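Chains A and B are the protein sequences, given in the same order.
Each residue of the first sequence is one higher than the one before, starting from 7 at the first, in the numbering used here.
Each residue of the second sequence is one higher than the one before, starting from 7 at the first, in the numbering used here.
There are 2 protein chains.
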Amino acid sequence: MATTIKDIARKTGVSHSTVSRALHGSSLISPETVDRIRQAAQEMGYQPSAAARSLKTNRTQVLGVILSSIADPFFNEILFGIEGVAQEKGYSLFIASSQHDPIRERKIVQTMMEQRTDGVIICSSSFSAEQGHQLLSYGFPVVVLNNQSADDSFHFSIYHDDVDGSQQVTRHLITLGHRRIAYLGNSRSGRTTSDRLTGFRDTMQEAGMAVPNEYIFEVAGGEAHLGYEAMEYFRRLEKMPTAIFCFNDMLAIGALNACAQAGIRVPEQLSIAGFDNITYSAFTNPTLTTFDQPKRVLGIEAAQLLVDLLGYEVGKFPLTQTIKILKGNLLVRNSTAAPVEE
Amino acid sequence: MATTIKDIARKTGVSHSTVSRALHGSSLISPETVDRIRQAAQEMGYQPSAAARSLKTNRTQVLGVILSSIADPFFNEILFGIEGVAQEKGYSLFIASSQHDPIRERKIVQTMMEQRTDGVIICSSSFSAEQGHQLLSYGFPVVVLNNQSADDSFHFSIYHDDVDGSQQVTRHLITLGHRRIAYLGNSRSGRTTSDRLTGFRDTMQEAGMAVPNEYIFEVAGGEAHLGYEAMEYFRRLEKMPTAIFCFNDMLAIGALNACAQAGIRVPEQLSIAGFDNITYSAFTNPTLTTFDQPKRVLGIEAAQLLVDLLGYEVGKFPLTQTIKILKGNLLVRNSTAAPVEE
DNA sequence: TGAAAAATTGCACACGTGTGCAGGTTGTGA
DNA sequence: TCACAACCTGCACACGTGTGCAATTTTTCA
Numbered sequence: 007m008a009t010t011i012k013d014i015a016r017k018t019g020v021s022h023s024t025v026s027r028a029l030h031g032s033s034l035i036s037p038e039t040v041d042r043i044r045q046a047a048q049e050m051g052y053q054p055s056a057a058a059r060s061l062k063t064n065r066t067q068v069l070g071v072i073l074s075s076i077a078d079p080f081f082n083e084i085l086f087g088i089e090g091v092a093q094e095k096g097y098s099l100f101i102a103s104s105q106h107d108p109i110r111e112r113k114i115v116q117t118m119m120e121q122r123t124d125g126v127i128i129c130s131s132s133f134s135a136e137q138g139h140q141l142l143s144y145g146f147p148v149v150v151l152n153n154q155s156a157d158d159s160f161h162f163s164i165y166h167d168d169v170d171g172s173q174q175v176t177r178h179l180i181t182l183g184h185r186r187i188a189y190l191g192n193s194r195s196g197r198t199t200s201d202r203l204t205g206f207r208d209t210m211q212e213a214g215m216a217v218p219n220e221y222i223f224e225v226a227g228g229e230a231h232l233g234y235e236a237m238e239y240f241r242r243l244e245k246m247p248t249a250i251f252c253f254n255d256m257l258a259i260g261a262l263n264a265c266a267q268a269g270i271r272v273p274e275q276l277s278i279a280g281f282d283n284i285t286y287s288a289f290t291n292p293t294l295t296t297f298d299q300p301k302r303v304l305g306i307e308a309a310q311l312l313v314d315l316l317g318y319e320v321g322k323f324p325l326t327q328t329i330k331i332l333k334g335n336l337l338v339r340n341s342t343a344a345p346v347e348e
Numbered sequence: 007m008a009t010t011i012k013d014i015a016r017k018t019g020v021s022h023s024t025v026s027r028a029l030h031g032s033s034l035i036s037p038e039t040v041d042r043i044r045q046a047a048q049e050m051g052y053q054p055s056a057a058a059r060s061l062k063t064n065r066t067q068v069l070g071v072i073l074s075s076i077a078d079p080f081f082n083e084i085l086f087g088i089e090g091v092a093q094e095k096g097y098s099l100f101i102a103s104s105q106h107d108p109i110r111e112r113k114i115v116q117t118m119m120e121q122r123t124d125g126v127i128i129c130s131s132s133f134s135a136e137q138g139h140q141l142l143s144y145g146f147p148v149v150v151l152n153n154q155s156a157d158d159s160f161h162f163s164i165y166h167d168d169v170d171g172s173q174q175v176t177r178h179l180i181t182l183g184h185r186r187i188a189y190l191g192n193s194r195s196g197r198t199t200s201d202r203l204t205g206f207r208d209t210m211q212e213a214g215m216a217v218p219n220e221y222i223f224e225v226a227g228g229e230a231h232l233g234y235e236a237m238e239y240f241r242r243l244e245k246m247p248t249a250i251f252c253f254n255d256m257l258a259i260g261a262l263n264a265c266a267q268a269g270i271r272v273p274e275q276l277s278i279a280g281f282d283n284i285t286y287s288a289f290t291n292p293t294l295t296t297f298d299q300p301k302r303v304l305g306i307e308a309a310q311l312l313v314d315l316l317g318y319e320v321g322k323f324p325l326t327q328t329i330k331i332l333k334g335n336l337l338v339r340n341s342t343a344a345p346v347e348e
């Protein structure tokens, strides 16, 4: 058994209350006693029990983080940002991934509730609104990162401005001289893909360029092999686009692979742009033009917002909705170039 | 405040002990009472307090996981394996990453101790033995995954057989007909890099092939840019190798990039092999020959071993050291081929 | 019908920590 | 020397849950 304040009390000949106060630096206890107790605690290797403390204080100093996938590099960078802030502010992380599985989601929410996490950050692209509301109704401060549902019942959100990013990418392609630009979307992603599509469509319209229906293609996910397969679709069109704007980098990477295999030269014959700027995108061949979504900053802002909320009295959050929208930067690399003259 | 068993007791007109027993399905309580209480608990949205329970039971049902980097895809796949087992066995995860920072390591160990984690899995390549021993001395069951120190004071370990993997890669290159094979190592990684070097050296020797000193090159890390820079070194040698065996995939990817830029055709002019089989290695151009370290299985085995240990009485683990060594598979892709005749 | 056995429930304490309040000790000034 | 203040410390209870044991009620059997 681990040593407790009672053990220390016995050894130093005081009551456990005195020990508790001494270790907290209460001004009620004389400096000498404090020293004596502190030293004894040190010697005995005392470590306070988080369980006992939180039972009393009603605070756990733990933040729950819900991800859709723990193996996804995109979420890991966000996690990195969250962890930094948490560490700094004295919070630990309770992490669980839903793997898009409703049963796991249920379990996760239950675990968070049982653990009495001080707050929860949801970064799961597919986390059901129902489970989220469950948390809200139990009084958990919840911050949602890149919320995918149209639902605005979550008062505290951090977003990346996907419309803006998409506009920048599209403008880049237009500026290069492209007129036949296609969009490869991910039907599994809710708001994100529609925002990116909106940005694309609006910019094209502003530029007075038509987007034929067959240039909008959606696949059911964001993995590389889907991007690969999508290329087969685009190649079969009677008029192939000269540029493809992909929902995310993994799709773009798959498309790049398909091009390499089919002998389509990128960017000479076809320009390809991704989105998100995952680590790999800097090492593709050619290196991938993409949009740098500030993943780490998103994590930092979400954690910061949650920690701020925890500063308020329990249940007395400010009523005002706080929604922060972050912008990223276009990253022009080597997979996009001016189209060749026909 | 969340509802407690006392609230339920008040509502159903029984004592809190009865509620506690009813919710645990104790045979002492009559079926009707159990039903009544269960229903009330349901209605009131009761969620037991993990803190209070673990205070009493001395079990938290939480496993601590220590990683060196939370943003590293390699560790994330391991984590994926760990999470699966944990979920299944009713454990949650407390995750912290040391970021190779001794101060953070200290904090992490302290947090694990305060949280009274039931056990700890260390997957940090650089986690100091000192901190690990700290955990051991507090009686924590500790399972170390791919332990980097020569230290054998950790009784429970899961290893990947790096020597075997390295031998397989080397044999593959030799079988292809290569005679001038170089090894690109990572000096920051302890046992792993030396094991891989050993496997390489032994196999070369068996095949009766000399390895000149300048063909063993080490860089201080495993990031892509270091692989890129290492290529400059190899290119400057008066006799360039015909194949390079890289410590890990990211170094190999960097090397591939350097080749693409320098106009060195892979695999025609130079074969490159990686190690680990991270997701991205399937999408490089050319696709990377590598060794598939069973990361997920490593995680699964580590978690399984730890959970098994927890089945024993507190402090009464089997004295026998348990070390499990897992083997992976060679993955031949397109970055390796027979060398051209000179 | 009565007594013993079985079934059901409550009392009281424990886990480790925090804290209001009362009690005790020391020092100060007249 | 006494009264009072300032300073320390301990008592006792609380947080939410689990459990041995005693108490109470119901059932069983002769």
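We put the beta carbon where it would ideally sit given N, CA and C, even for glycine.
All of these numbers come straight from a predicted model, not from anything done at the bench.
Under the 10 Å beta carbon count, Leu262 of chain A is surrounded by 16 or more other beta carbons and is classified as buried.
Relative to the Cα of Ser103 of chain A, the nearest Cα in the group A:Ala92, A:Gly90, A:Glu307, A:Leu85 belongs to A:Leu85. The Cβ atoms of Ala77 of chain B and Glu83 of chain A lie closer than 8 Å to each other. Leu203 of chain A places its beta carbon 8 Å or farther from that of Gly125 of chain A.
In this structure, the beta-carbon distance from Leu336 of chain B to Ala249 of chain B does not fall below 8 Å. Against chain B, a Cβ distance below 7 Å from Ala58 of chain A picks out Leu61. Chain B has a Cβ within less than 8 Å of the Cβ of Ala102 of chain A.
With distances taken between CA atoms, Ala213 of chain B lies nearest to B:Gln174 out of B:Arg42, B:Gln174, B:Lys62, B:Ser195.
In this structure, B:Tyr97 is the residue among B:Thr290, B:Val217, B:Tyr97, B:Ser55 with its C-alpha nearest to the C-alpha of Asp314 of chain B. When C-alpha distances from Gln67 of chain B are compared across A:Asn340, A:Thr24, A:Gln121, the shortest belongs to A:Gln121.
Minimum Cα-Cα distance from Ala309 of chain B among the listed residues B:Phe162, B:Ala8, B:Thr290, B:Thr285 corresponds to B:Phe162. The closest CA to that of Arg65 of chain B, considering only B:Leu73, B:Ile72, B:Val71, B:Ala56, is found on B:Ala56. Annotation for Ser155 of chain B: Ala135, Gly196, Arg197 place their beta carbon closer than 8 Å to its own, counting only its chain and skipping 5 residues before and after. Every unbroken stretch of the beta strand (DSSP E) spanning 3 or more residues and falling wholly within the stretch 31-113 of chain B is given here in chain order: 68-73, 98-103.
If you ignore the 5 residues before and after Ile114 of chain A, its C-beta comes within less than 7 Å of the C-beta of Ile72, Ala102, Ser104, all in its own chain and listed in chain order. Taking a beta-carbon distance threshold of 8 Å, Ile127 of chain A does not count as an interface residue toward chain B. Ranked by how close their Cα comes to the Cα of Ile259 of chain B, the residues B:Met246, B:Leu232, B:Glu274 have B:Leu232 in first place. Against chain A, the CB of Met50 of chain B has no partner CB under 8 Å away; the residue lies outside that interface.
Chain B places a beta carbon closer than 8 Å to that of Arg122 of chain A, counting this residue as a contact. For Gln137 of chain B, no chain A residue has a C-beta closer than 9 Å to its own C-beta; the minimum C-beta separation is roughly 14 Å. Spanning the alpha carbons of Val225 of chain A and Gly191 of chain A requires a straight line of approximately 6 Å. The criterion of a C-beta distance shorter than 8 Å is satisfied by Ala46 of chain B and Lys17 of chain B. In the structure shown, Ile270 of chain B adopts coil according to DSSP, grouped into three states.
Where Lys12 of chain A is concerned, the enclosing alpha helix (DSSP H) starts and stops at 11-18. With the criterion set as a beta carbon lying under 7 Å from some beta carbon of chain A, the stretch 296-314 of chain B has no members that meet it. A buried status is given to Ser74 of chain A, since no fewer than 16 other beta-carbon atoms sit within 10 Å of its beta-carbon. Distances from the CA of His30 of chain A to each of A:Met256, A:Arg44, A:Asn152 were compared; the closest alpha carbon is that of A:Arg44. By a beta-carbon distance limit of 8 Å, Ile127 of chain B contacts Leu151 of chain B. Their separation comes to about 6 Å.
DSSP lists no beta-bridge partner residue for Asp170 of chain B. DSSP places Asp208 of chain B in the uninterrupted alpha helix (DSSP H) bounded by 197-212.
Residue pairing from DSSP places Val148 of chain A in a beta bridge opposite A:Val126.
Note on geometry: alpha-carbon atoms of Asp282 of chain A and Arg177 of chain B lie some 39 Å from one another. In the three-state reduction of the DSSP assignment, Tyr318 of chain A falls in the coil class, being assigned neither a helical nor a strand state.
Chain A has a Cβ within less than 8 Å of the Cβ of Leu99 of chain B. Non-local C-beta neighbours of Leu276 of chain A in its own chain, meaning closer than 8 Å and more than five positions away in sequence, comprise Met246, Pro247, Thr248, Ala249, Ile250, Cys265, Ile270, ordered along the chain. Among the CB atoms of chain B, one or more fall inside 8 Å of the CB of Lys113 of chain A.
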